[in-house]
Ligand SMILES: *Cc1c(COP(=O)(O)O)cnc(C)c1O
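Numbering (our numbering), first residue to last: 869 to 1363.
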């Protein structure tokens, strides 16, 4: 049976999976959602014997129904290969009674790789299916992490090019080095003299420039986005929850159909929404525990039913969760509004105009699967330190937010259900904060030296992603003013 996707702002919009992937966002500004979440059609016993790639196929084929078996298998094989440093792709580590699902074994050692390594392939297949003859040009503004993960995913993928804009003085030295050393003839990295918002607005303006669009179409190019609201990023994220559950069963850690909790360090609400979809597919998940840092908009939302972004933006040691508008939440809002686009539209309008909205008590009742918690900077650092001191396992700052929230949840509820914690980044990606949390001196030490010390004390090898940039050659050195971004795009595409 074919599955179609609707826009959260206009239920009458109905597109195939490949069209949703190509478009990214619906023209009405809505996000694409499946008409109904499909169920898993393989047994747990079968899943228990599957590799990550086989699990990916079993899950994704239910969502991407207009892909042929061969197309989907090919995308999966190209994505989950030796770019990952372990054959399990997403291993589970048991520490202090919880199961840490390590989602950071890909090219950029953070969980964005789980989806961005397959999105380029899903996109080129989608283009072929929809008779798009042009080359796909991915345009991205980044504050650091997403840019590198998208570059790594799209590098040398035939039929695509990728252009990344980053604020020249607004990313960490390691993040910048990661990007400007990116290989691949189809990659283009540009620093801008401005901040992240300038880069973001510049990209939006380029997307909205109709005469540029026509000019580039004539030259054989079409813009697209690798943004986290693309359904092609969400669907691959469902896979690892199913995989983790099947592994726990296969390893005898849980019995058949035993419920587990899932804790997810959350920013844009994509990762936890994938866990929610996994639950709706039939995976026995009990609570979805949404962990926030000091930017605790989501915690307040689950507490009160009011989403309010009118507050001070906090810079924390878990920067990938420093977000006040969690874009993917709109998908959940649409669902708990019984897929009523009118209700969703008015709430999203309120968010744009007043910066806040309030859901009805009936909608709130449908959130009982979720539990919101948060950890402040001190609690997060303490979580890293205590886990290290008790069992020698080192987690990154984002995962630590989840770990700390899980501790608070257990205290508050007494719930002893077995629990999977999504571990979203390698501690080597946030070495400085991690070493500080452990109580190691960091002043006057560069990040590579810190990585070597972290390796010694954790017994974990410095990941390839860090080793590589230590000595890598700078391949991109273009820096432009904000008003020169459009020209830079043209310069790269039309030689
Ligand atoms: C992006 C990111 C998150 C937040 O994930 P969302 O899907 O945006 O909620 C958490 N941790 C790390 C390390 C990330 O890169």
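C-beta atoms are modelled at their ideal positions from N, C-alpha and C, and glycine is treated no differently.
What are the start and end residues of the beta strand (DSSP E) that includes residue 1007? 1003–1009
Using only CA atoms, which one of 995, 1052 and 997 lies nearest to residue 1021? 1052
Contact belief for residue 1348 with residue 1356 at Cβ below 8 angstroms, rounded distance in angstroms: 5 angstroms
Run through the region 886–971 for me and flag every whole alpha helix (DSSP H) of 4 or more residues, listed as ranges in chain order. 912–916, 920–931 and 937–947
At a cut-off of 7 angstroms, would you count residue 1365 as near ligand 1, judging by its Cβ distance to the nearest heavy atom? Because the chain is modelled from 869 through 1363, residue 1365 falls outside the range shown and cannot be assessed.
What are the boundary residues of the alpha helix (DSSP H) that includes residue 1321? 1315–1326
Counterpart residues of residue 1035 in DSSP-defined beta bridges: 1060
I believe residue 1289 touches residue 968 by the beta-carbon criterion, under 8 angstroms. Please report the beta-carbon distance rounded to the nearest angstrom. 5 angstroms
Grab me the residues of residue 1199's own chain with a C-beta within less than 7 angstroms of its C-beta, minus the 5 sequence neighbours each way, in chain order. 876, 899, 901 and 1141
Do residue 1298 and residue 1264 come within 8 angstroms of each other at the CB atom, strictly closer than that value? yes
Give every residue of the same chain whose Cβ lies closer than 8 angstroms to the Cβ of residue 1335, excluding the five residues on either side of it in the sequence, and list them in chain order. none
Counting pairs of beta carbons, one from the region 958–972 and one from the region 929–943, are three or more of them closer than 8 angstroms? no
Are the Cβ atoms of residue 1096 and residue 1195 separated by less than 8 angstroms? yes
Have a look at the DSSP bridge pairing and note the partners of residue 1129. 1287
Candidates 1197, 1341, 1170 and 1163: closest to residue 1184 by CA position: 1163
Of all Cβ atoms in chain C, is any one closer than 8 angstroms to the Cβ of residue 1089? No chain C is present in this structure, which holds just one protein chain.
Thinking C-beta only, is residue 1002 closer than 8 angstroms to residue 1088? yes
Quick check: what's the CA-CA separation for residue 1062 versus residue 1013? 18 angstroms
Out of 986, 997, 893 and 1058, state which residue places its alpha-carbon closest to the alpha-carbon of residue 1359. 1058
Short Cβ contact (8 angstroms threshold) for residue 1385 with residue 994: Residue 1385 is absent from the model: the chain starts at 869 and stops at 1363.
What residue range does the beta strand (DSSP E) around residue 1226 cover? 1224–1226
Helix, strand or coil: how does DSSP classify residue 1137 here? coil
C-beta atoms of residue 1114 and residue 923 nearer than 8 angstroms: yes
Please return the same chain residues whose Cβ sits closer than 6 angstroms to the Cβ of residue 1256, not counting the five positions on each side in sequence. 1262 and 1306
Cut-off 8 angstroms between Cβ atoms - residues of its own chain near residue 917, not counting five sequence neighbours on either side: 1118
Segments of 3+ residues assigned as beta strand (DSSP E) that fall wholly inside the region 1233–1267: 1238–1242
What does the Cβ neighbour count give for residue 1085, buried or exposed, with the cut at 16 atoms within 10 Å? exposed
Ligand 1 heavy atom lying under 7 angstroms from the CB of residue 1104: no
Could you give the DSSP three-state label for residue 1090: helix, strand or coil? strand
Residues that residue 978 bridges to, as DSSP identifies them: 1293
Of all the options 1029, 1156 and 1044, which has the alpha carbon lying nearest to the alpha carbon of residue 1035? 1044
Name, in chain order, the residues that DSSP records as bridge partners for residue 878. 875
Please state whether the Cβ-Cβ distance between residue 1165 and residue 1273 is less than 8 angstroms. no
CA-CA distance, residue 874 and residue 1213? 14 angstroms
Do you know whose CA, among 1189, 1079, 1066 and 989, lies nearest residue 1028's CA? 989
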